[in-house]
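Structure first, commentary second.
In the working numbering, the protein residues as written are 360 to 549.
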């Protein structure tokens, strides 16, 4: 299946891990092109290290390497010169917009919609989308692919294994009600 749009993932959707895992699994389907930058990697890795003292940077760098290796043409480079010219409510988010512009993204998938005003993004033909809305769009495009991706992600959780209900509860805690409702209706597949 050929990708029809490009999504850049903000750091807040790459951590927590269950959301990152589902989004990256879906990126392998060819429904869309997933992109991020070195700065976005640094941001999510720093967030994990602040909250999870039990993890080491080397473990997260390994995750970073695997993400980059298993997602085609995902790392955006050469966007730094754009950062200073961009205006956003939080200046620390300008690197995300710059990477989206340089990576020719159609949308920025982020939990922080207020940080990416539609009027600003429209100038660049980019929109911001909450991950639940992004997943709902993918469900509309390819419901079976979303179910299979969720099943694969749940299947990777083996230490300890988790039930469908536990998996759905984890996604619910991440404020993904549309995705959870759909997956709940298809629990026999996931």
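Glycine residues also receive a C-beta, built at the ideal position from the N, C-alpha and C atoms.
Residues near residue i in its chain [Cβ-Cβ closer than 7 angstroms; skip 5 each side]
{"i": "residue 384", "result": "508, 511, 512"}
{"i": "residue 548", "result": "506, 510"}
{"i": "residue 461", "result": "435, 437, 438, 441"}
Under the three-state DSSP convention, the category residue i falls into
{"i": "residue 466", "result": "strand"}
{"i": "residue 366", "result": "strand"}
{"i": "residue 393", "result": "strand"}
{"i": "residue 328", "result": "Residue 328 cannot be examined here, being either before or after the span of the chain that is shown, 360 to 549."}
{"i": "residue 541", "result": "helix"}
{"i": "residue 449", "result": "coil"}
{"i": "residue 479", "result": "helix"}
{"i": "residue 499", "result": "helix"}
Opening and closing residue of the alpha helix (DSSP H) in which residue i lies
{"i": "residue 416", "result": "416-429"}
{"i": "residue 529", "result": "523-532"}
{"i": "residue 440", "result": "439-442"}
{"i": "residue 549", "result": "Here residue 549 belongs to no alpha helix (DSSP H), and DSSP marks it neither H nor E."}
{"i": "residue 512", "result": "502-515"}
{"i": "residue 457", "result": "453-461"}
{"i": "residue 432", "result": "Element bounds for residue 432: n/a, residue is neither H nor E."}
{"i": "residue 382", "result": "376-386"}
Own chain residues within Cβ distance below 6 angstroms of residue i, not counting five before or after
{"i": "residue 434", "result": "427"}
{"i": "residue 364", "result": "391, 465"}
{"i": "residue 388", "result": "504"}
{"i": "residue 524", "result": "none"}
{"i": "residue 396", "result": "435, 458"}
Same chain, Cβ closer than 8 angstroms to residue i, neighbours up to 5 away in sequence not counted
{"i": "residue 502", "result": "541, 545"}
For residue j and residue i, believed in contact at Cβ under 8 angstroms, the rounded distance
{"i": "residue 438", "j": "residue 457", "result": "4 angstroms"}
N- and C-terminal bounds of the beta strand (DSSP E) containing residue i
{"i": "residue 397", "result": "Here residue 397 belongs to no beta strand (DSSP E); instead the alpha helix (DSSP H) covers 397-410."}
{"i": "residue 488", "result": "486-488"}
Q. Three or more C-beta pairs closer than 8 angstroms, one from the segment 517-535 and one from the segment 482-502: is that the case here?
A. yes
Q. Would the segment 522-533 and the segment 364-379 be scored as touching if the rule is three or more Cβ pairs under 8 angstroms?
A. yes
Q: Tell me, please, whether the segment 443-455 touches the segment 469-481 by the rule of three or more beta-carbon pairs shorter than 8 angstroms.
A: yes
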